[in-house]
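Trainee:
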Amino acid sequence: MSATPATTASDAPALTASPAWNPNIVVFACNWCSYAGADTAGVSRIQHQPHFRTIRVMCSGRIHPGFVLRALQHGADGVLVSGCHFGDCHYMFGNHRAVEQFDRTKNLIRLLGLEEGRIRLEWISAAEGARFAQVINEFTEQIRTLGPTPLVRRHAPAEGREKGGDSATVR
Amino acid sequence: MTPSSAVVQAYKVQGHVSACYDCGKCTATCPIARAGGEHSPRRQVLATNMGQERELFRGDTLFHCLTCSLCDQRCPAQVGYTGLVQKLRETAYSEGAEPDCPHGGALQSLMRMMATGDTRQNRLEWLSADLKTEPGTGDVFYWTGCTMYFDALFPELQVETLNGTRSAVRLLNKLGIAPVVSGSERCCGHDLLWNGDRKNFELLAKHNTRLVAESGAKTVISSCAECVRTWRLDYEPFFPGKPPQILHLTEFLAQHAAELKPKADGRLRVTYQDPCRLCRHLGVCDPPRQVLKALPGVELVEMRHAGASATCCAGGTWSHCDRFAKRIQVERLREARATGADLLVTACPKCRIHLACAMKGPNLGREIGIEMRDIAELVDAALGGPPVRSKGAAALNKREGAHE
């Protein structure tokens with residue numbers, strides 16, 4: 021994004037094309053299906069939004085609400101949990117556990133007052149590179165619409181929102 | 008040798024840490040040590056007095072202490088180990104040491120998000136139509152605490168701590184009070200304080216004290232022993248004006264016992280779990296018993312260790328949980344069962360959660376299972392609220408998750 025000096029006006033790179041803020045998305049991907057699916061997307065050179073970081077876990081069922089909450093606490097704008105389709109879990113029922121865990125996570129997010137669209141659970145298999153790319157693109161767009169996480173203060177609390185008191189932390 | 012941190016030094020100077028004469032009564036009393044764990048309050052006090060407390064930060068057990076204060080009950084020199092461990096943790100945390108944080112650190116994350124976040128929480132979904140409350144200003148503020156988060160995080164424990172919250176509001180209504188109940192509450196910060204995270208604790212303290220000050224309330228009532236301890240002892244520097252009176256629900260009910268006029272709801276034998284924060288930290292041991300004795304048809308039988316010697320529920324402020332905590336909980340539940348009581352009555356949602364968790368032990372379920380209720384639910388039932396019926400041992404054996 022660094023500006024190269026333009027010789028003429030038409031050579032000037034479109035600096036206004038990139039917004040000031042890009043979503044910070046954390047993806048928890050299971051080793052056997054989703055992480056491999058992400059790899060398939062890469063190997064197949066499928067273009068997709070880059071604004072995410074992947075954390076590989078052995079099974080989506082490991083994703084305790086605490087993991088998602090910690091990502092959000094540290095400033096993630098969105099968290100995607102991805103595992104194997106039902107019936108395909110390497111550990112038989114891990115993805116069912118993922119659903120149970122995710123249900124608890126959704127309830128906690130709702131209590132906190134965070135938009136439920138900031139977290140998402142998906143099933144992506146190792147062969148589904150295109151699906152991975154599609155989910156990433158959709159989710160990134162969704163987070164772009166929702167905006168930066170309200171948990172990280174970048175400005176004074178907005179009018180109409182709960183009074184923040186002295187706790188502004190500007191990162 | 009690095010000098011002690013300011014907070015530890017201040018505690019040493021203002022207190023009696025150096026009065027320790029190494030008698031070891033604290034370790035002999037400590038529930039963790041008695042269960043076989045390696046925790047030694049004596050060793051930690053000794054290290055502090057020799058200026059070597061930073062060795063503790065590298066070790067294992069600084070965040071294992073339950074902070075139950077049983078050692079302080081026995082200490083002949085009034086060293087105040089419980090207060091010291093809180094200061095040591097503050098220093099350790101500021102220097103990078105972190106507790107193990109059970110449950111994936113979910114609780115700490117929630118609290119920290121409430122401390123620094125800018126969201127409008129949905130904390131009041133539990134308020135049913137029959138409960139009368141004020142949203143903004145009033146003389147009495149009912150402090151709900153985080154029971155809604157606990158129920159969402161631990162659905163498999165089936166503790167339904169929110170039933171205690173609802174019963175508490177109903178009881179206040181029956182005494183002619185429509186308390187202020189606010190959706191802008193944030194976690195009281197008790198666990199962050201005891202985990203050493205002073206910065207976020209202070210953010211929560213400032214927010215909450217301002218919230219209550221703005222409501223104009225002169226009295227704050229809560230069903231949670233930890234919230235009450237925090238408000239009464241730890242929030243002192245943060246009140247913007249004159250601090251309100253802080254009461255645990257049982258203190259309030261005991262004061263108004265004459266107005267209650269409870270009716271018998273069948274015959275029930277109960278035993279009572281003293282929360283460590285309520286009895287030992289705050290000295291509130293009698294009011295819950297006065298309330299229970301005022302209920303006709305309810306017979307209170309004390310456990311072997313009750314009142315100031317009561318065993319804590321070993322929750323340890325979410326900083327640590329291990330097999331020793333489970334041993335402590337199992338032992339406590341055995342004591343409860345030994346009383347022959349139908350019901351174990353609690354006055355703190357944490358006690359309820361941690362003891363319920365122990366009951367899910369696969370090999371012991373039948374031996375240690377006992378029904379639990381918050382004391383507010385029991386009083387509510389005696390005043391016409393949802394009845395409390397002990398389903399008895401047969402139903403307990405069929406509890407979800409209990410293995411045969």
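Those protein sequences? They're chains A and B, same order as listed.
My numbering applies: residue 21 is where the first sequence begins, and numbers increase by one.
My numbering applies: residue 8 is where the second sequence begins, and numbers increase by one.
Every residue, glycine too, gets a C-beta built ideally from N, C-alpha and C.
#1: Could you tell me the boundaries of the beta strand (DSSP E) in which Ala49(A) lies?
#2: Shortest alpha-carbon distance to Thr324(B) belongs to which of Thr123(B), Gly223(B), Ala113(B) and Cys30(B)?
#3: Kindly say whether Leu160(B), judged by its beta-carbon, lies nearer than 9 Å to any beta-carbon of chain A.
#4: What separation, rounded to the nearest whole angstrom, lies between the Cα atoms of Ala315(B) and Leu77(B)?
#5: Between the Cα of Thr346(B) and the Cα atoms of Leu275(B), Glu141(B), Pro294(B) and Asp381(B), which residue gives the shortest distance?
#6: Using the C-alpha atoms, what's the distance from Ala42(B) back to Pro142(B)?
#7: Per DSSP, Gly98(A) is paired with what?
#8: According to DSSP, Asp108(A) sits in a beta bridge with which residue or residues?
#9: Please compile the residues from chain A whose C-beta is within a distance smaller than 9 Å of the C-beta of His327(B).
#10: Which residues mark the beginning and the end of the beta strand (DSSP E) in which Thr226(B) is found?
#11: How long is the line joining the alpha carbons of Glu384(B) and Lys357(B), rounded to whole angstroms?
#12: Tell me which same chain residues have a C-beta within less than 7 Å of the C-beta of Cys292(B), skipping the five on either side of it?
#13: Give the DSSP-derived three-state secondary structure of Val77(A) in the structure shown.
#14: In this structure, how does DSSP classify Arg396(B) when only helix, strand and coil are distinguished?
#15: If the cut is a Cβ gap below 8 Å, which residues of chain A does Arg119(B) touch?
#16: Under the rule that 16 or more other beta-carbon atoms within 10 Å means buried, what is Arg330(B), buried or exposed?
#17: Please list, in chain order, all residues of the same chain as Ala13(B) whose beta carbon is under 7 Å from its beta carbon, the five residues on each side excluded.
#18: Please report the straight-line C-alpha distance between Ala29(A) and Gly137(A), rounded to a whole angstrom.
#19: Sort Lys367(B), Lys225(B), Glu233(B) and Met57(B) by Cα distance to His197(B) and report the nearest one.
#20: Kindly indicate which three-state DSSP category Met310(B) falls into: helix, strand or coil?
#21: According to DSSP, Ala119(A) sits in a beta bridge with which residue or residues?
#22: Please say whether Cys328(B) and Asp107(B) have beta carbons closer to each other than 9 Å?
#23: Can a CB atom of chain A be found closer than 9 Å to the CB of Thr123(B)?
#24: For the putative contact between Glu192(B) and Leu218(B), defined by C-beta atoms under 8 Å, what is the C-beta separation to the nearest angstrom?
#25: Residues of chain A with CB closer than 9 Å to the CB of His110(B), please, in chain order.
#26: Just the Cα atoms here: how many angstroms apart are Ser25(B) and Ser47(B)?
#27: If you check the beta carbons only, do Leu267(B) and Ala301(B) fall under 9 Å apart?
#28: Any idea which residues DSSP pairs Met379(B) with across the strands?
#29: 9 Å is my cut-off, CB to CB: does Ser101(B) come that close to chain A?
#30: Taking Cβ-Cβ distances below 8 Å as the criterion, which residues of the region 182-197 of chain B are in contact with chain A?
#31: Are Gly111(B) and Leu89(A) close, meaning C-beta to C-beta below 9 Å?
#32: Excluding five sequence neighbours on each side, which residues of the same chain lie with their C-beta closer than 7 Å to the C-beta of Ala343(B)?
#33: Leaving out five residues before and five after Gly248(B) in sequence, what residues of the same chain have Cβ atoms less than 8 Å from its Cβ?
#34: Under 8 Å, with one C-beta from each stretch per pair, do the region 364-372 of chain B and the region 168-178 of chain B reach the 3-pair mark?
#35: In chain order, which beta strand (DSSP E) runs of at least 3 residues are fully inside the region 161-245 of chain B?
#36: Taking any Cβ of chain B, which residues in the region 108-141 of chain A have a Cβ under 7 Å from it, in chain order?
Mentor: In this structure, then:
#1: Ile45 to Cys50
#2: Ala113(B)
#3: yes
#4: 8 Å
#5: Leu275(B)
#6: 47 Å
#7: Ile45(A)
#8: In the DSSP output, where bridge partners are listed per residue, Asp108(A) has none listed.
#9: None at all; the shortest Cβ gap to chain A is about 15 Å.
#10: Thr226 to Ser229
#11: 16 Å
#12: Asp281, Cys286, Gly314 and Ala315
#13: strand
#14: coil
#15: Gln93
#16: exposed
#17: none
#18: Because Ala29(A) sits at a pLDDT of 45, beneath the cut-off of 50, its placement in the model cannot be relied upon, and the following sentence gives the value as read from the coordinates. Cα to Cα, Ala29(A) sits roughly 41 Å from Gly137(A).
#19: Glu233(B)
#20: coil
#21: A quick correction: the sequence has Val, not Ala, at residue 119(A). Paired residue(s): none; Val119(A) is not in a bridge.
#22: yes
#23: yes
#24: 7 Å
#25: His84, Pro85 and Gly86
#26: 17 Å
#27: yes
#28: Leu351(B)
#29: no
#30: Ser191
#31: yes
#32: Thr278, Met310, Leu351 and Ile377
#33: Ala220
#34: no
#35: 226-229
#36: Arg124, Asn127, Leu128, Arg130, Leu131, Leu132, Gly133 and Leu134
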